[in-house]
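Presented below is the structure to which this report refers.
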């Protein structure tokens, strides 16, 4: 089962369109469920140890209290569960990031009037959110994850032309002493 939570309806609509247009087996399409709402609130309604993994792409900066949300992610993940996240940070250069995206699209021969229009729209939305996007330092992001109880398994702090931190963390399995 795949669950997607976002308070932004346009993001959920875009995801639903991708799911509907994908060549994935119908079985996957039937397993994907989208929820509109606040992530932390949604997590608080879920049973403890009920999920195997959590993928958070560009979510941390949008959360009012990232530490509280990650504590809830920790609670709902089963022991051994994996958290994978990517997020911007204080040193993120929106211009550098979007220029790299443009170069990649041009190099892949995917740059068109429609792509340029979508790129400009996304760039402008990101510039408008710059204070949020650059809120947390790289150390802040690591601290949110470890204070929630996770063990960081992989850490990359220079992805997407130095604009994104990527973390894979694991909820430890408690060992029983005999």
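Residue numbers (the working numbering): 12 to 189. Glycine included, every Cβ here is placed at the ideal spot set by N, Cα and C. This one's a predicted model, so the numbers in the text were calculated from it and none came from an experiment.
Please name the residue or residues paired with residue i in a DSSP beta bridge.
i, result
"residue 22", "None; residue 22 has no bridge partner."
"residue 44", "14"
"residue 111", "Beta-bridge pairing links residue 111 to no other residue."
"residue 85", "Beta-bridge pairing links residue 85 to no other residue."
"residue 179", "95, 165"
Could you tell me how far apart the beta carbons of residue i and residue j are, in whole angstroms, since I believe they sit closer than 8 Å?
i, j, result
"residue 91", "residue 181", "7 Å"
"residue 96", "residue 178", "5 Å"
"residue 83", "residue 42", "About 23 Å separates the two Cβ atoms, so there is no contact after all."
"residue 85", "residue 161", "6 Å"
For the alpha helix (DSSP H) containing residue i, list its first residue and its last residue.
i, result
"residue 98", "Run containing residue 98: none in the alpha helix (DSSP H); it sits in the beta strand (DSSP E), 88-98."
"residue 124", "124-139"
"residue 157", "149-158"
"residue 172", "170-173"
In its own chain, which residues sit with a C-beta less than 8 Å from the C-beta of residue i, not counting the 5 before and 5 after it?
i, result
"residue 88", "60, 62, 63, 64, 65, 94, 182"
"residue 141", "105"
"residue 144", "72, 99, 103, 105, 137"
"residue 146", "72, 101"
"residue 76", "51"
"residue 116", "122, 126, 130"
Going by beta carbon distance, what residues of the same chain come within less than 7 Å of residue i, once the five residues before and after it are set aside?
i, result
"residue 208", "As displayed, the chain neither begins before 12 nor continues past 189, which places residue 208 out of reach and without an answer."
"residue 108", "171, 172, 174"
"residue 26", "15, 45"
"residue 148", "100, 101"
"residue 18", "47, 48, 49"
"residue 168", "149, 176"
"residue 24", "none"
"residue 184", "90, 91"
"residue 81", "155, 156, 159"
"residue 40", "30"
Examine chain C for any beta-carbon lying closer than 8 Å to the beta-carbon of residue i, and answer yes or no.
i, result
"residue 61", "The question asks about chain C, but that chain is absent: this structure has only one protein chain."
Starting from residue i, trace the beta strand (DSSP E) in both directions and tell me its first and last residue.
i, result
"residue 63", "62-68"
"residue 57", "Unbroken run through residue 57: none, as it is neither H nor E."
In chain order, what residues of the same chain have a beta carbon less than 6 Å from the beta carbon of residue i, not counting five sequence neighbours either side?
i, result
"residue 165", "179"
"residue 110", "none"
"residue 134", "109"
"residue 57", "87"
"residue 67", "96"
Cβ of residue i versus every heavy atom of the ligand GTP: is any distance shorter than 7 Å?
i, result
"residue 167", "The ligand GTP is not among the ligands present in this structure, which contains no ligands whatsoever."
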